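Reading through the C-alpha cells given below for one structure.
Written out as C-alpha cells, the structure reads:
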C-alpha cells in the first residue's frame, strides 16, 4: 500500500463535547486508514460517534486530540479545496431552486459559470437517473428522488471522496433497496471512495468493501471487517451464506460492544 | 362543462337515498321568513308582496329537499327583488309601518337562508369553490349595505349620525378631486415614502447586526417590546421637527415600520436549519455567498410577514399623524375637519378611500409574496 | 444555561447605548437654540457651557432623558392623584377606557369566533370580512365615532372604550377562529369515536387547544386597545387622558410634557403586554401546553 493510495488517515483521534453535566467523550482513540476506491461503512447504535467521525473527516467538527489527514492534508484544507461531496440524512434541497438549480448551487459557489455549470449538472443528473427532471422543484418529487438529487449535487463538485451520513435512513425499505442498488452501480462507474454511515446491518454488508463496527460511550472502533464479497453484486447476494456470515459477525460485534443494553 | 347542479350532488348508485332532514338553521330561517311575511300582511303592509315572500319561503322549503342550489337560487332572487322594492318604499314615510319592518326582516331571513344554502354546497370543482368563496362574502356585504340603507332611510336617521350608503356614494362621486388630492398627499407621499425607507432601514440594520450575536440578543427583546408600544404618539414631536407637510408623517411611518422589519428579518436570517449551514460549509462558501444563496431566501417569508404588518401600520401612522397638524390636504386632515363640520358623509367617503387603499396595498404585497415565496409550504398548499 | 442570563447583559448594553445616543441627540439638536440665544445676547459662551445648557432648556427640541424623568416624577409622585396636572390621573383615565374596551372586545371576539367555528354560513360570509378589515386602517374611524356618539349624548369613558373594543375585537376573533380550528383531525376523530357531543368536544378539546392562540392575540389586542384609547382622546379636544396631554403639549410646544406622556404610555403598554404574557405562560403551563 503506497501513501498515494491512502485517502483518509486517522491516528489516535479523540473528541470531547463540553456539556452541562461534564464533558462527553464522543470519540476515543480512533485509528483508521481508508484506501482509494474503498466503500467503507461505519455501523453502530445511536451515540457511538459514527456521524461525529464522518463530520470530523468533513471538517464540520474539530478533533480535540490525535491527527487526521484527508488526501494528505488537514480536513480544513481539504474542505476549502472542495475535496469531498457530502450527503446528509435529509435531502436538504432548497425549495426555491429547481433540481438543476440545486445541483448547480455548489458550482456557483465555486465560481463556475454558463456552459461549464450546465454540462456538469446534466451529467450528474444522468448519473442518478434524474435526467428530465431538471425544471421540477424538490417538493414536486418523491423522497427517494430528492435524495438522488442531493447525491447528484454532492457529485457535481467532482470529488474523489463521497461522505454519506445515513442518506437513506428516512426512506422506506423498498425505495431504500432500490437506491442501494443504484449507489453500487454509481460506485462501480465512478471509482469514488465512499464513506457511508448507517445503522442497518444488511445495508452495510450489501454496500461495503470494508465495515467499521463502532460501539458507544465512549465512541470507539470495535472491529474492522474486510468484506470478501465480490465487487459486482446484486440484491440476491443477501441470501448467500457469505453475506449471512458477514452479517452475523457484525451483529456479534455490536452485541459485544454492549450496544443494545445502552440504547437510550 | 356539466350543469352546476349535476356535479354538486353525487350519490353512489348502490346506496339507498337517505331520508332528508332539515338542518337546524333551515328549520328557523325559512319558517321565520314566511311568518314575518304573513305578519307584515296582517299589519297592513302590501298583501301581494307579503304573500309572495311567504310563498317563496315555502317553495324554498320544498326545493331544499331536492337540490340546495335551486333553493339558494330562488331565495337569492326573491330576496334581491324584495330588497329593491323595499328600498324604493323606504322614502315614503306613510309606507314605513310595522308591517314594512316585518317584510324587511322576512326578506333578510330569506337572504340569510340563501347564504346558508350556498355555504352548505359541497363541491369538488376548484372553479365552483372559488366562485362560492367570492360570492358568499359579497352577498353578505351587499345585504349589510341594503339593511343599512333601509334603516337609515326608513327610520330617517339624521345624516349627522349615520348617512346612508347611497348618500356616501353620492358624496364620493361628487368629490373625487378632493379625495384624490388627499390620497396623493397621504398615501402616495407620506405612506409610500415612509414605508419604503422604514422597511429598507429595518432590513439593512438587521443585516448589519447579523454578525454580532451580542447586538442581536440585545436588540431583539427591545425591538419586540417597541412593536407593542403606542409609537403613533411620536406624531406631535415629528410635526414639530419636520413641519406640517408630509415629511413629518413619513417620519412617523418610518419609526413605526422600522422595528417590525428589524425583528422579523433577524428572526428570518436565523431560520435556516443547521444542516443547511453545514451544507454551505462543505462547499467552503463565504459569508456573503451563504447569506445571498441560503439565508435571505430562507428569510423571505418572515420579511413578507413584516411587509404585510407594516402596510397597515403605515396607513395608521400617516392618518393619525395628520390629526396633529397638516397643510389643508390629506386623509387624516379631511377626516378630523369634516367631523368637526358634521359632514359625516364626507368622512365616510374618506374612510372608504382609506379602506380601499389599505386593502389594495396589502393585497399587492400578498400577491408579490405568492410570487416570491412560491416554494413555501403555506403558499403551495393554498 | 439560562436564557435570562444570556440576554440580560446585551439588553442592558443596548439600552445604555440608546440613552447615550439620546443625550448626544439632545445636545446636537438643542445647540442651535443656545447659539441663537448667545448671538441675540451678544455673548460668546464656550461650547462646553452651551452644551451644558442644552441639557436643561425650557422648551428643547429634544429633551434630555433626565428632564423627562424629572417631569414624570414631578407629575406623578409630587402631585395629588386627583389633580388635573397629575400624570397618574391622566394615565388612569386612558387605562380605564382601554381596559374596559379590551375586556369587551376580547369577549366579543371569542363569542364571534365560536359562532364562526360552529356555523358554516358565518364562516364563509363573515370571516373573509373580518380578515380583510385587518388590512384597513380602522383607527381612522375613531374621531368620527367620538363625535357621533357625543352628538347622541354618549360621553366620557364609553366612546373611548368603544373604539378600544372594536380595535381589540378583530385580532381576538381571527386568532380564536384559528385556535378553535387548531386541533389535528386525529384528535377530532378520537372525540368522534367517543361519540362526544359538540359541547363536549368544545370544552374538552377545542377550547383548551385554542388557549395559546387566545393569549397571543390578546397581547396584540391589549397593545392596540391602548393606542385606540390614546387616539380617541385626540379629536374632541379632550381635557383628560394621555392623548389629551400629547395634544395639549403639541399646541403649546411643551416638548417635555409630550415626551413624558409618551414614556408613561409606553411603560403602560409594556406592562400590559408583559402581564398578559405572564398570564398566558401561567395558563399554558397549568394546561401542560408549555414546558420548562
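Residue numbers (this note's numbering), protein chains in the order written: chain V, 1 to 264; chain R, 1 to 382; chain S, 1 to 292. For each residue, glycine too, the CB sits at the ideal point set by N, CA and C. Model, not experiment: these values are computed from the prediction.
Taking 9 Å as the threshold, the shortest C-beta distance from residue 320 of chain R to chain S falls below it.
If only complete runs of 4 or more residues are kept, the region 290-372 of chain R shows the alpha helix (DSSP H) at 296-322, 331-340 and 344-372, in order along the chain.
Per DSSP, residue 172 of chain V lies in no beta strand (DSSP E) and is assigned neither H nor E. With its beta carbon at least 9 Å from every one in chain V, residue 85 of chain R lies outside the interface. Taking all protein chains in view, the Cβ of residue 292 of chain R is surrounded by fewer than 16 other Cβ atoms within 10 Å, so the residue is classified as exposed. If you draw a straight line from the Cα of residue 128 of chain V to the Cα of residue 121 of chain V, it comes to about 11 Å. The Cβ atoms of residue 206 of chain V and residue 235 of chain V sit closer than 9 Å to each other. Around the beta carbon of residue 195 of chain R, 16 or more other beta carbons lie within 10 angstroms, which makes this residue buried.
The alpha-carbon of residue 239 of chain V is positioned some 53 Å away from that of residue 302 of chain R. Closer than 9 Å to the CB of residue 168 of chain R there is not a single CB belonging to chain S. Listed in chain order, the beta strand (DSSP E) runs fully inside the region 101-175 of chain R amount to none, counting runs of at least 3 residues.
The C-beta of residue 212 of chain S has 16 or more other C-beta atoms within 10 Å across all chains shown, which makes the residue buried. Looking at the DSSP output, residue 13 of chain V bridges to V:30. A Cβ-Cβ distance of about 14 Å is found for the pair residue 265 of chain S and residue 160 of chain S, leaving them out of contact under the 8 Å criterion.
In chain R, no part has a C-beta under 8 Å from the C-beta of residue 54 of chain S; the shortest such distance is about 16 Å. For residue 275 of chain R, the chain V residues whose Cβ falls inside 7 Å of its Cβ are 88, 90 and 92, in order along the chain.
Among the CB atoms of chain R, none fall inside 9 Å of the CB of residue 185 of chain S. Not a single CB atom of chain V sits nearer than 9 Å to the CB of residue 370 of chain R. The beta carbons of residue 167 of chain V and residue 142 of chain V sit no closer together than 9 Å. Sequence-distant Cβ neighbours of residue 71 of chain V in its own chain, meaning closer than 7 Å and more than five residues away, are 7, 78 and 83.
What residue 180 of chain R touches in chain S, judged by beta-carbon distance under 8 Å, is nothing: the nearest beta carbon there is about 17 Å away. The three-state reading of DSSP puts residue 244 of chain R in coil, since its state is none of H, G, I, E or B. Contacts with chain R at 9 Å (Cβ-Cβ) do not include residue 114 of chain S. Residue 247 of chain V sits away from residue 218 of chain V, with the two beta carbons spaced by 9 Å or more. Going by beta carbons, residue 346 of chain R and residue 334 of chain R fall inside the 9 Å limit. Taken atom to atom, the span from the alpha-carbon of residue 269 of chain R to that of residue 200 of chain R is near 15 Å. With contacts defined by Cβ atoms closer than 9 Å, residue 149 of chain S and residue 157 of chain S do not form a contacting pair. Beta-bridge analysis with DSSP links residue 220 of chain V to V:215.
When C-alpha distances from residue 189 of chain S are compared across S:177, S:205 and S:121, the shortest belongs to S:205. With respect to the 9 Å criterion, residue 349 of chain R and residue 187 of chain R are not classified as neighbours on the basis of their beta carbons. In the displayed model, residue 19 of chain V falls within coil according to three-state DSSP, outside both helix and strand.
Comparing C-alpha distances from residue 221 of chain V to each of V:24, V:33 and V:21 shows the shortest one belongs to V:33. Residue 118 of chain S carries a helical assignment under DSSP once its states are collapsed to helix, strand and coil. DSSP places residue 189 of chain S within a helical segment (H, G or I) once states are collapsed to three. When 9 Å is used as the limit between beta carbons, residue 82 of chain V is near these residues of chain R: 282, 283 and 284, in chain order.
Every beta strand (DSSP E) of 3 residues or more that sits fully in the region 65-122 of chain V is shown, in chain order, as 65-70 and 84-87.
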